[in-house]
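Numbering (the numbering used here), first residue to last: 2 to 249.
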Amino acid sequence: MAKKVVPEGERRRRKPAKAGGGVLSERLYIETALRMLQEHGRDGLTVRRLGAAIGADPSSLYRYFRSTDDLLLAVGDELAGRALRGWAPTGDWRADLRELGLRVHSAYLAHPQAAILTASRVSGRSHEIAADEAILGVLRTAGLPDAEAVRVYHAFIDQALAFAALDAAALALPHTARAADEAVWQATYARLPAGTHPHIAATAPRLVARMNTSAYPTALEMLLDSAAAALNPAPGGARPSNGADAAR
2 MAKKVVPEGE RRRRKPAKAG GGVLSERLYI ETALRMLQEH GRDGLTVRRL
52 GAAIGADPSS LYRYFRSTDD LLLAVGDELA GRALRGWAPT GDWRADLREL
102 GLRVHSAYLA HPQAAILTAS RVSGRSHEIA ADEAILGVLR TAGLPDAEAV
152 RVYHAFIDQA LAFAALDAAA LALPHTARAA DEAVWQATYA RLPAGTHPHI
202 AATAPRLVAR MNTSAYPTAL EMLLDSAAAA LNPAPGGARP SNGADAAR
């Protein structure tokens, strides 16, 4: 039988947790889960360890979440909320989208272990919905027809989250493994001879300078260029109106 979950408006227990005197709440579990993921990774996030960290009976988790997976979805939603915090549209669609993309990427990278587990998930929670509404609002207000706005939104959010997961995976590596990976560009690629690898040899200094940094800002600008081209098509390239004829 499925465990009963308390509705969001009632998710607060007035009995203090045993350790620290804090009141048990959904937020306390989310913040504790973020800390435990940062310190111990997925294997460290168990019902028993959460209870011990909070100072509550392990079963208290089920007052707020159906399972640890439900908690993970809430963690992902929290990261989306942190990305949106303080953001407001300026009316410059390109600057607004760039800011949103960089905020999403940065919010997830601040918690790489959580990013690996949540960037590919869809929670349907409030912060995730607010982020989607904001992105679509920027695109539609800029003048993109609905079909094109959805196409760009799809690429935009998947790109931000995919790079967040990719970059987070590198950050989550043990320090020695990450340092070894980063050294390969200088130790191996930069030393390949032009006689056998002319293209790598010709670009080696630039590869060494770039390849240990995230490609997300560059990829984001490429996507924004594509959106700009959709807003301002070349002569002869008609753009559909924002109406029923665009809902294909």
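Note that the Cβ used here is the ideal one computed from N, Cα and C, for glycine as well.
Checklist line | Cβ-Cβ distance between Asp-78 and Ser-124 below 9 Å | finding: yes
Next item on the list: Please look up how many angstroms separate the CB atoms of Leu-224 and Arg-95, rounded, as I've assumed it's under 8 Å.
Entry: Not a contact, Cβ separation roughly 11 Å.
Checklist line | Three-state secondary structure (DSSP) of Val-24 | finding: strand
Notebook entry, point to check: If we ignore side chains and look at the alpha-carbon of each, how far apart do Arg-126 and Ala-75 end up?
Noted result: 7 Å
Notebook entry, point to check: How should Thr-177 be labelled, buried or exposed, when 16 other C-beta atoms within 10 angstroms of its C-beta is the threshold for buried?
Noted result: exposed
Note to self: Quick check: what's the CA-CA separation for Pro-113 versus Val-153?
What the structure shows: 26 Å
Notebook entry, point to check: In angstroms, rounded to a whole number, what distance separates the CA positions of Leu-232 and Leu-145?
Noted result: 6 Å
Notebook entry, point to check: What residue from Thr-33, Glu-40, Gln-39 has the CA that sits closest to Glu-57's CA?
Noted result: First, the amino acid is wrong: residue 57 is Ala here, not Glu. The shortest Cα separation from Ala-57 among Thr-33, Glu-40, Gln-39 belongs to Thr-33.
Next item on the list: Hey, could you find the ends of the alpha helix (DSSP H) Gly-102 is sitting in?
Entry: 94-110
Next item on the list: Check whether the segment 59-69 touches the segment 130-137, taking contact to mean three or more Cβ pairs, one atom from each stretch, closer than 8 Å.
Entry: no
Next item on the list: Measure from the alpha carbon of Leu-118 to the alpha carbon of each residue in Arg-28, Gly-102, Thr-69, then state which is nearest.
Entry: Thr-69
Item checked: Neighbourhood of Trp-88 by C-beta distance below 7 Å, restricted to the same chain and skipping five residues each side -> Glu-100, Leu-101, Arg-104
Next item on the list: Count the other C-beta atoms from every protein chain shown that fall within 10 angstroms of the C-beta of Asp-97, then say buried if there are 16 or more, exposed otherwise.
Entry: buried
Checklist line | Arg-152 at chain B interface by Cβ criterion, 9 Å | finding: Given the protein chain composition of this structure (a single chain), no chain B is represented.
Notebook entry, point to check: Which residue's Cα is closest to the Cα of Ala-170: Ser-61, Asp-159, Val-151, Gly-42?
Noted result: Gly-42
Margin query: Are the CB atoms of Leu-72 and Ala-108 within a distance shorter than 9 Å?
Written below: no
Checklist line | Rounded separation between Ala-202 and Pro-194 - CA only | finding: 6 Å
Margin query: I need the boundaries of the alpha helix (DSSP H) containing Leu-162, first residue and last residue.
Written below: 147-173
Next item on the list: Can you give me the Cβ contacts of Gln-187 inside the same chain, cut-off strictly under 6 Å, excluding the 5 residues immediately before and after it?
Entry: Val-209
Checklist line | Element boundaries [alpha helix (DSSP H), containing Ser-127] | finding: 127-143
Checklist line | Distance CB(Ala-132)-CB(Ala-84) smaller than 9 Å | finding: yes
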